[in-house]
Amino acid sequence: SQTIHQWPATLVQPVGSPLSLECTVEGTSNPNLYWYRQAAGRGLQLLFYSVGIGQISSEVPQNLSASRPQDRQFILSSKKLLLSDSGFYLCAWEWEAGLYNEQFFGPGTRLTVL
Amino acid sequence: AQKITQTQPGMFVQEKEAVTLDCTYDTSDPSYGLFWYKQPSSGEMIFLIYQGSYDQQNATEGRYSLNFQKARKSANLVISASQLGDSAMYFCAMREASNAGGTSYGKLTFGQGTILTVHP
Chain A
-10 SQTIHQWPAT LVQPVGSPLS LECTVEGTSN PNLYWYRQAA GRGLQLLFYS
40 VGIGQISSEV PQNLSASRPQ DRQFILSSKK LLLSDSGFYL CAWEWEAGLY
90 NEQFFGPGTR LTVL
Chain B
178 AQKITQTQPG MFVQEKEAVT LDCTYDTSDP SYGLFWYKQP SSGEMIFLIY
228 QGSYDQQNAT EGRYSLNFQK ARKSANLVIS ASQLGDSAMY FCAMREASNA
278 GGTSYGKLTF GQGTILTVHP
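Which chain is which? The protein sequence lines are A and B, in order.
Taking my numbering, I'd label the letters of the first sequence as residues -10 to 103.
Taking my numbering, I'd label the letters of the second sequence as residues 178 to 297.
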């Protein structure tokens, strides 16, 4: 069976500090991977997606970047965090692109920037 | 314009009763998929049910059913026999076809969510 992991689960960081959130998927190969951010009480905003190693597409301009160094590893980074980067970050995967394919989400990382 | 609209910020239902969560969508693409996710207080997004734009019948999955009215562009989630564990945030999402470097993929667009509270 497939599982998706995210860590850390929670993180409190000062403004201006760097960030690295990690997402790994087990039990599948060559998944499509996604990073979403959810502000408190709001819907999900797609940040980045990747269809393969080293292939990253950004949905919105921002202070964050993403990388996919291995097939089942997706990393979200920032060199200098802003207050507005606070939120709940969710990683998701899917088998392949398709209108009717659901995405499977990880447990999320709750980031607070002070 | 909002692609996915959930007009009910919060809903309350008595245990064992049925509840309908509203979702309307906006697209000019004839091919699309509609999804519902549940997000408990723990934060994890749990996939519940989906409906394809060409599906003739409404999707059902256990106690969940999707009332799909294509002409009205609505895809309401119906939860029958509500349980206390159904208390959560519910998101409607739509998937349209897109292209990423020549590979087709469907980007999920989420609504703002509805908080459902089930009373004993």
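The C-beta atom is built at its ideal place from N, Cα and C for all residues, glycine as well.
How many Å lie between residue i and residue j at the Cα?
i                      : j                      : result
residue 228 of chain B : residue 5 of chain A   : 44 Å
residue 103 of chain A : residue 72 of chain A  : 6 Å
residue 12 of chain A  : residue 268 of chain B : 22 Å
residue 183 of chain B : residue -2 of chain A  : 28 Å
residue 91 of chain A  : residue 209 of chain B : 12 Å
residue 70 of chain A  : residue 191 of chain B : 44 Å
residue 277 of chain B : residue 59 of chain A  : Summary for residue 277 of chain B: the model assigns pLDDT 49, below 50, so the residue's position carries little reliability, and this model does not support an answer.
residue 95 of chain A  : residue 18 of chain A  : 16 Å
residue 225 of chain B : residue 254 of chain B : 10 Å
residue 290 of chain B : residue 76 of chain A  : 16 Å
residue 104 of chain A : residue 74 of chain A  : Any question about residue 104 of chain A goes unanswered here, given that chain A covers just -10 to 103.
residue 284 of chain B : residue 26 of chain A  : 14 Å
residue 53 of chain A  : residue 64 of chain A  : 10 Å
residue 93 of chain A  : residue 3 of chain A   : 31 Å
residue -8 of chain A  : residue 219 of chain B : 17 Å
residue 84 of chain A  : residue 23 of chain A  : 12 Å
residue 230 of chain B : residue -10 of chain A : 29 Å
residue 252 of chain B : residue 16 of chain A  : 32 Å
residue 89 of chain A  : residue 34 of chain A  : 20 Å
residue 185 of chain B : residue 98 of chain A  : 27 Å
residue 194 of chain B : residue 213 of chain B : 20 Å
residue 48 of chain A  : residue 297 of chain B : 42 Å
Tell me residue i's beta-bridge partners as DSSP assigns them.
i                      : result
residue 181 of chain B : B:202
residue 188 of chain B : B:293
residue 26 of chain A  : A:34, A:78
residue 284 of chain B : B:273
residue 229 of chain B : B:210
residue 11 of chain A  : A:-4, A:64
residue 262 of chain B : Bridge partners of residue 262 of chain B: none, in fact.
residue 39 of chain A  : A:22
Where do the N-terminal and C-terminal ends of the beta strand (DSSP E) with residue i fall, by residue?
i                      : result
residue 215 of chain B : 209 to 216
residue 49 of chain A  : Unbroken run through residue 49 of chain A: none, as it is neither H nor E.
residue 242 of chain B : 241 to 246
residue 251 of chain B : 251 to 256
residue 4 of chain A   : Careful: residue 4 of chain A lies outside any beta strand (DSSP E) and carries neither H nor E.
residue 17 of chain A  : Neither: residue 17 of chain A is in no beta strand (DSSP E) and is coded neither H nor E.
residue 100 of chain A : 98 to 102
residue 66 of chain A  : 62 to 67
residue -4 of chain A  : -8 to -4
Throw me the rounded Cβ distance for the residue i and residue j pair, which I believe falls under 8 Å.
i                      : j                      : result
residue 216 of chain B : residue 266 of chain B : 4 Å
residue 196 of chain B : residue 256 of chain B : 5 Å
Residues of the region 72 to 97 of chain A in Cβ contact with chain B at a cutoff of 8 Å, in chain order, please. 77, 79, 81, 86, 87, 88, 89, 90, 91, 92, 93, 94, 95, 96, 97
Mind listing which residues of the region -2 to 21 of chain A have their C-beta closer than 8 Å to chain B's C-betas, in chain order? 21
Chain A contacts made by the region 232 to 247 of chain B, where a contact means CB separation under 8 Å: none
Beta carbons nearer than 9 Å to chain B: which residues of the region 23 to 35 of chain A have them? 23, 25, 27, 30, 31, 32, 33, 34, 35
Just by C-beta distance, which residues in the region 194 to 206 of chain B are closer than 7 Å to chain A? none
Positions along the region 246 to 269 of chain B whose CB lies within less than 7 Å of some CB in chain A: 268
Residues in the region 285 to 296 of chain B having any Cβ partner in chain A nearer than 7 Å: 285, 287, 288, 289, 290
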